[in-house]
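Numbered per my numbering, the sequence shown spans residues 45 to 540.
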Amino acid sequence: MSNPVVDIIVVGAGNAALCAALSAKEQGASVLVIERAPETEKGGNSRFTAGAMRVVYESDADLQQLMPELSEQELANTDFGAYSKNQFYDDMGRMTQYRSDPDLTEILIENSFPTLKWMRAKGIRFMPMYGRQAFKIDGKFKFWGGLTVEAWGGGEGLVSQLHEAAKKNDINIEYESRALELIRSDEGITGLRIRQRGKTKTINCRAVILACGGFEANSEWRTRYLGPGWELAKVRGSRFNTGDGLKMAIDSGAATVGNWSGCHAVGWDRNAPEFGDLTVGDGFQKHSYPLGIMVNADGERFVDEGADFRNYTYAKYGREILQQPQQFAWQVFDAKVTDLLRDEYRIKQATKVEANSLEELAAKLEGVSSQAFLNTVNDFNQAVNTNVAFDPTVKDARSTHGLSINKSNWANPLDQAPYCAYQITCGITFTFGGLKINKQAQVIDDDGIEIPGLFAAGEMVGGLFYFNYPGGTGLTSGSVFGKIAGASAAQQCCDN
């Protein structure tokens, strides 16, 4: 092996990458982080998220370990509930139709709380997701859907804190540096070829950790793997996640695994830019659809908006929206629920219309058959079982009956003005297919053998998510497997 410039190169500078870098540094390895984006766009997809992290906790005392700033008043005025390991296992199984790799799932769940505690020790602060995951019932906040914790300041705050932690630990980050090729010998990975501000060079190392995202920003790959029409989706996050890391690994013999035709895709503002906008962050998402109805250009409902908490349906409903005529839909609400809408409905960039009657609203729904919409609302209103009480904090079974697509929970007649509607399309978040790794986050080759010196974390890990996913699991997965990858890579460097 050539004399290494550094022990470990981490490719990427988002949540998974910096957790890997911090973990490796903690074990005594020298670390260099390579980031394709300029510093102003650092952080990958992590920066565009709400910062939600799904984590196992049994009590308020557990949450206080992650969020010691919680006041006695907050604890008294909030029902945080609990989220057990068994619930997490059940959610992962149900969401992925029981295809998720059992070993990776176990690692994810069993390490979720310890990893967030470790992050807290590194200076990453967390807070309760009051604005998006709690409703105030009888004067007390109640959390729902098993998702309680977010990074302080959301995705932007998470990335900022991780970069500050990297700086404190003397981890160097090279921006505008695109990884091109893994250098592999009979001994394994010995270096990385990069292009940095127009200049190509090779950096020798003992190990490489790939944590540079999926291929969601590559329209040609989206069409190739996800299918026709996916080139029309908007990209929620970074424009730099074009599959570079996946291609490099595959070219070096890495095995692929998982749901390569699947992805996380959500309802996203129709007029959002083609790629994520850092000034808006994740504000273009529109996730309160369980409180209303969604209609397509034909004025018809096309999904059960109340099939489950939004945490368990939002990541798959983007695909459903993309399949509608002209790839859009309108979310419609009446005055009974507007105060319950999530924070993102209040941004000034929202594509929104308001009206004091359904007829007036129908005329304002651009691209929608007005009469068909009014017929849909009339049929829906008559089908609601109003004998069941409405409760947004539980699956309340307040449903419709007799419709071609019934609403299973939270069904309210649209009958109280003023009315509002938001136009959405499909926004892709990340792709599910990826590289095959073992329990140490080491990449496996096509012969089923570990590739010495090659590790992966974050969106690049395949076999974890299929068809759908429980909200907040992506960042947790990135942190868990990033921490493992860093420690494993450092251990391999010590062994060599």
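Ideal Cβ placement from N, Cα and C applies to all residues, glycine included.
Simplified DSSP assignment, three categories, for residue i
i	result
L226	strand
F474	strand
K392	coil
G522	helix
H308	strand
N59	helix
Y513	coil
E374	Here residue 374 is Trp; the residue named in the question, Glu, does not match the sequence. Strand, per DSSP.
K243	strand
A500	strand
Y333	helix
G232	strand
Q484	coil
C464	strand
E218	strand
I53	strand
M292	helix
L119	helix
L254	strand
T382	helix
Y438	In the sequence as displayed, the identity of residue 438 is Val instead of Tyr. Correct three-state label for V438: coil.
D352	coil
L458	coil
L206	helix
K278	strand
I528	helix
R314	coil
V421	helix
I238	strand
A533	helix
R283	coil
L447	coil
T323	coil
L270	helix
I365	helix
A341	coil
D489	strand
Closer than 7 Å to chain B by CB, residue i
i	result
C537	Among the protein chains of the structure shown there is no chain B, as only one such chain exists.
Exposure label - residue i; buried when at least 16 CB within 10 Å
i	result
C538	exposed
Y506	In the sequence as displayed, the identity of residue 506 is Gly instead of Tyr. Buried: at least 16 other Cβ atoms inside 10 Å.
R22	In the structure as shown, the chain begins at 45 and stops at 540. Residue 22 is therefore absent and cannot be evaluated.
K278	buried
E503	buried
P334	buried
D51	buried
Q415	exposed
G72	exposed
G175	exposed
Y142	exposed
T84	exposed
I233	buried
P545	For residue 545 there is no data in the structure shown, the boundaries of the chain being 45 and 540.
T323	exposed
G183	exposed
P317	exposed
R80	buried
L119	exposed
R345	buried
R390	exposed
Integer Cβ distance of residue i from residue j, believed to fall under 8 Å
i	j	result
L254	V49	Their Cβ separation, rounded to whole angstroms, is 18 Å, which puts L254 and V49 out of contact at 8 Å.
L458	F424	7 Å
S443	N429	6 Å
V252	I53	5 Å
A24	L236	No statement about residue 24 is possible, as the shown extent of the chain runs from 45 to 540 and does not include it.
F284	T475	That belief does not hold up - the Cβ atoms of F284 and T475 are roughly 14 Å apart, past 8 Å.
G287	N262	5 Å
L152	L508	7 Å
S282	F132	At roughly 27 Å, the Cβ-Cβ gap does not stay under 8 Å, so S282 and F132 are not in contact.
Scan the region 131-199 and note each continuous beta strand (DSSP E) run of 3 residues or more that stays entirely inside, going in chain order.
-> Complete beta strand (DSSP E) runs here, min 3: 170-172, 178-181, 184-187 and 193-195.
Do the region 483-498 and the region 265-276 touch if we need at least three Cβ pairs shorter than 8 Å?
-> Counting Cβ pairs under 8 Å, fewer than three are found: no touch.
Starting from the N-terminal side, write out each stretch of the alpha helix (DSSP H) that is 4 residues or longer and does not extend beyond the region 60-109.
-> Qualifying alpha helix (DSSP H) stretches: none in this window.
Give a yes or no on contact between the region 185-205 and the region 124-137, applying the rule of three or more CB pairs nearer than 8 Å.
-> They touch, by the three-pair rule.
Decide if the region 355-367 is in contact with the region 461-473; the criterion is three or more beta carbon pairs, one per stretch, under 8 Å apart.
-> Taking 8 Å as the limit for Cβ pairs, the verdict is that the region 461-473 does touch the region 355-367.
Do the region 61-73 and the region 521-534 touch if we need at least three Cβ pairs shorter than 8 Å?
-> Output reads yes: the region 521-534 touches the region 61-73.
How do the region 323-332 and the region 385-395 stand: do at least 3 beta-carbon pairs fall below 8 Å, yes or no?
-> In this structure the region 323-332 touches the region 385-395; the number of beta carbon pairs closer than 8 Å is three or more.
Report yes or no: do three or more beta-carbon pairs, one from the region 82-99 and one from the region 233-248, lie closer than 8 Å?
-> Here the region 82-99 does not lie against the region 233-248, with fewer than 3 beta-carbon pairs under 8 Å apart.
Determine contact between the region 511-518 and the region 351-360, defined as no fewer than three beta-carbon pairs at a distance below 8 Å.
-> With a cut-off of 8 Å, the region 351-360 and the region 511-518 count as touching, because enough Cβ pairs lie within range.
Please determine if the region 333-348 and the region 372-384 are in contact, where contact requires at least 3 C-beta pairs separated by less than 8 Å.
-> Between the region 333-348 and the region 372-384, the count of C-beta pairs closer than 8 Å reaches three or more; the two stretches touch.
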